[in-house]
Amino acid sequence: MNLRKLAYTRPWRVFIAGFFKENAVTYQLLGLCSTLAVSNKLENAIAMGLGVVFVVTISSALISVLRRWIPGQYRMITYMIVTSTFVIIVDQFLKANFPLISAQLGPYVGLIITNCIVMGRQEAFAIKNGVGLSLLDGLGSSLSYFYTLLILAFIREILGFGTLLGARVTPESFPVWVVITMAQGAWFMLAIFYWVFRRAAKLQPAEQG
Amino acid sequence: MKERKESDPAAQRSSGRAESKTQNPKSKILKKLLDVVFIVVLGVVSVALLLAAQSYSAPAVARFRETRLKTNVLSAAGIPWTKDDFKQVFEERVKEQSGAGSTWFAADSLVIAEFKGRGLWGMIEGIVVLDSSLTRIVAVRVLAQEETPGLGDRIKEPSYLATYRGKTAEEPLELAMRHAATEPNEVDAITGATLSSQALVSVVTSSVSRLRTAAKGGAQ
Chain Z
1 MNLRKLAYTR PWRVFIAGFF KENAVTYQLL GLCSTLAVSN KLENAIAMGL GVVFVVTISS
61 ALISVLRRWI PGQYRMITYM IVTSTFVIIV DQFLKANFPL ISAQLGPYVG LIITNCIVMG
121 RQEAFAIKNG VGLSLLDGLG SSLSYFYTLL ILAFIREILG FGTLLGARVT PESFPVWVVI
181 TMAQGAWFML AIFYWVFRRA AKLQPAEQG
Chain F
1001 MKERKESDPA AQRSSGRAES KTQNPKSKIL KKLLDVVFIV VLGVVSVALL LAAQSYSAPA
1061 VARFRETRLK TNVLSAAGIP WTKDDFKQVF EERVKEQSGA GSTWFAADSL VIAEFKGRGL
1121 WGMIEGIVVL DSSLTRIVAV RVLAQEETPG LGDRIKEPSY LATYRGKTAE EPLELAMRHA
1181 ATEPNEVDAI TGATLSSQAL VSVVTSSVSR LRTAAKGGAQ
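As structure tokens, then:
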């Protein structure tokens, strides 16, 4: 299948919608709390982003597999059990292999459970669609969260700490902007990112339902 | 949303519940029973996975805690160490002692104890270092805490913990409110995180008094 045709297939459209135009942070406005909190350093953003990608993708796929058996009135309980199981597995994995990053992320890994991207994709998509599509939908949405974190963290770590992945990149004379490392600075960066992103994605205010 | 237009049998089943009204009571009960079975099976599978994850990470977590404690005790006592030899250095230079129901470490002329106590949200863990006469606090280090990020979690920062340096170990510490700490039994508070600062003061104070009783008893 050539690339041009691929762009018109349903799986690709499902993936790219979540990945770009319906970006989890800038379009769906989900996961803001953790976006502000862990985008201060690239290292944290990578660990958190990968955790969210893993949890959203795999739990969306699993909900889709189970969708014929999930009792309608207990769907929320099912989402919570599935999500929290995977989140705790991620948390334990980080604690075992990257204890320092785990300590830096603090409570935010556990709070992936309440990250609305996870339950949002399960309820809006996975419960009604096939496994393959749900997997792509979860992957697209969570990757959009991931790259948003990376972009914000990249800028915030350089400006706020003068480092990149812990290595110094700015000259000694460069005055670091301490405000950028704090939540207030994160809001400024996020607002600028919204603006740039919405121009790039050609989103009009009215389009946001 | 576009997705809602998809015709999937599961979607119809979960959205339109009209057919359930026409079902007879018996199959209704059966349905409820199946729902319960589903949730129970899901719960059991989830618990099994979590236990597996727990047993996978437990040894690594224990190793990390041991490393964190030993390296911090060495650093607090001013003993140089490297990543490769800290276990050896610790065995040579630090003596573990116990008495009066608690254990502590003696390194050079310093007395060091671990502490753990309730913070505002979770447990605060750390070590406190006293001089050999048990009258002054040499240093306090926070190794683990779950206070509010950006506010209370500043209790872990060395620049804040410097406020404990040289304070008295003979009487309970107090938080200096609305002024800088000047008295030997006063420590600075963190603006916006009074409760976390207060929690750390209480934890350190009780740990110091326990250490003093124990170490004095051990010396006699």
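Chains as they are written, first to last, in the numbering used here: chain Z, 1 to 209; chain F, 1001 to 1220.
Virtual Cβ for every residue (Gly too), placed ideally from N, Cα, C.
Might you give, ordered along the chain, the residues of its own chain that have their beta carbon closer than 6 Å to the beta carbon of residue i, omitting 5 neighbours on each side?
i: Leu66(Z); result: none
i: Thr148(Z); result: Val25
i: Gly1152(F); result: Leu1120, Ala1193 and Ser1196
i: Ala1214(F); result: Gly1099, Ala1100 and Ser1102
i: Leu150(Z); result: Ala45
i: Ile70(Z); result: Thr78
i: Ala183(Z); result: Leu36
i: Gly138(Z); result: Val56, Thr57, Ser60 and Arg121
Check whether the Cβ of residue i lies closer than 9 Å to any Cβ atom in chain Z.
i: Glu1146(F); result: yes
i: Ile1190(F); result: no
i: Pro1172(F); result: no
i: Ala1050(F); result: As written in the sequence, residue 1050(F) is Leu, which differs from the Ala given in the question. So yes, Leu1050(F) belongs to the interface.
i: Gln1220(F); result: Per-residue confidence for Gln1220(F) stands at a pLDDT of 42, beneath the threshold of 50, marking its modelled position as unreliable; the derived number appears in the next sentence. Chain Z contact via Cβ: absent.
i: Pro1025(F); result: no
i: Pro1149(F); result: yes
i: Asp1153(F); result: yes
i: Ser1046(F); result: yes
i: Glu1114(F); result: no
Compute the distance between the beta-carbons of residue i and residue j, then report whether it is under 9 Å.
i: Leu1069(F); j: Leu1143(F); result: yes
i: Val219(Z); j: Tyr108(Z); result: Outside the modelled stretch of chain Z, which goes from 1 to 209, sits residue 219(Z), for which no answer is possible.
i: Met999(F); j: Gln1145(F); result: Past the boundaries of the shown model lies residue 999(F); chain F is included only from 1001 to 1220, so the question cannot be answered.
i: Ser60(Z); j: Met48(Z); result: no
i: Ile89(Z); j: Leu1042(F); result: no
i: Phe54(Z); j: Gly140(Z); result: no
i: Gly160(Z); j: Gly185(Z); result: yes
i: Val978(F); j: Arg1118(F); result: The displayed coordinates of chain F run from 1001 to 1220. Any statement about residue 978(F) would go beyond what the structure contains.
i: Gln122(Z); j: Val87(Z); result: no
i: Arg1065(F); j: Ala1077(F); result: no
i: Asn40(Z); j: Ala153(Z); result: yes
i: Val1111(F); j: Asp1131(F); result: yes
i: Phe1090(F); j: Trp1104(F); result: no
i: Leu30(Z); j: Cys116(Z); result: yes
i: Ile180(Z); j: Arg156(Z); result: yes
i: Ala96(Z); j: Val1061(F); result: yes
i: Leu1211(F); j: Leu1161(F); result: no
What are the boundary residues of the alpha helix (DSSP H) that residue i is part of?
i: Gly1099(F); result: Per DSSP, Gly1099(F) belongs to no alpha helix (DSSP H); it is in the beta strand (DSSP E), Val1094 to Gly1099.
i: Glu1066(F); result: Pro1025 to Ala1076
i: Val90(Z); result: Arg75 to Asn97
i: Leu1161(F); result: Pro1158 to Leu1161
i: Gly215(Z); result: With chain Z covering 1 to 209 only, the question about residue 215(Z) has no answer from this structure.
i: Gly138(Z); result: Val131 to Phe161
i: Ala37(Z); result: Leu32 to Val38
i: Pro11(Z); result: Arg10 to Ile16
Need the endpoints of the beta strand (DSSP E) that residue i sits in, please.
i: Gly1126(F); result: Met1123 to Leu1130
i: Thr1103(F); result: Ser1102 to Ala1107
i: Val1138(F); result: Ile1137 to Ala1144
i: Lys202(Z); result: It is not in any beta strand (DSSP E) - Lys202(Z) carries neither H nor E in the DSSP assignment.
i: Val1111(F); result: Leu1110 to Arg1118
i: Val1187(F); result: Glu1186 to Asp1188
i: Leu1175(F); result: Glu1174 to Ala1176
Using a Cβ-Cβ cut-off of 7 Å (strictly less than) and excluding sequence neighbours within five positions of residue i, which residues of its own chain qualify?
i: Gln204(Z); result: none
i: Asp91(Z); result: Val109 and Gly110
i: Leu136(Z); result: Pro11, Val14 and Phe15
i: Thr114(Z); result: none
i: Gly1126(F); result: Phe1115, Val1140, Arg1141, Val1142 and Leu1143
i: Leu143(Z); result: Phe19 and Val53
Do we get a CB-CB distance below 9 Å when we pair residue i with the residues of chain F?
i: Phe197(Z); result: no
i: Asn23(Z); result: no
i: Leu203(Z); result: no
i: Val82(Z); result: yes
i: Ile46(Z); result: no
i: Lys95(Z); result: yes
i: Pro99(Z); result: yes
i: Trp12(Z); result: no
i: Ala37(Z); result: yes
i: Pro71(Z); result: yes
i: Ala167(Z); result: no
i: Ile117(Z); result: no
i: Thr78(Z); result: yes
i: Thr85(Z); result: yes
i: Gly106(Z); result: yes
Got a sec? Which residues, its chain only, sit under 8 Å from residue i by beta carbon, not counting five neighbours each side?
i: Val1201(F); result: Leu1173, Glu1174, Leu1175 and Val1187
i: Thr1163(F); result: Ala1181, Val1187 and Asp1188
i: Leu50(Z); result: Phe146
Can you pull out the residues from the region 174 to 193 of chain Z whose beta carbon lies closer than 9 Å to at least one beta carbon of chain F? Of all residues in the region 174 to 193 of chain Z, Met182 and Ala183 have a Cβ within less than 9 Å of some Cβ in chain F.
Beta carbons nearer than 7 Å to chain Z: which residues of the region 1052 to 1083 of chain F have them? Ala1053, Gln1054, Tyr1056, Ser1057, Ala1060, Val1061 and Phe1064
Compile a chain-ordered list of the residues in the region 135 to 158 of chain Z whose CB is closer than 7 Å to at least one CB of chain F. none
Tell me which residues of the region 1032 to 1043 of chain F have at least one Cβ-Cβ distance to chain Z shorter than 8 Å, keeping chain order. Along the region 1032 to 1043 of chain F, the positions whose C-beta sits under 8 Å from a C-beta of chain Z are Leu1034, Asp1035, Phe1038, Ile1039, Leu1042 and Gly1043, read in chain order.
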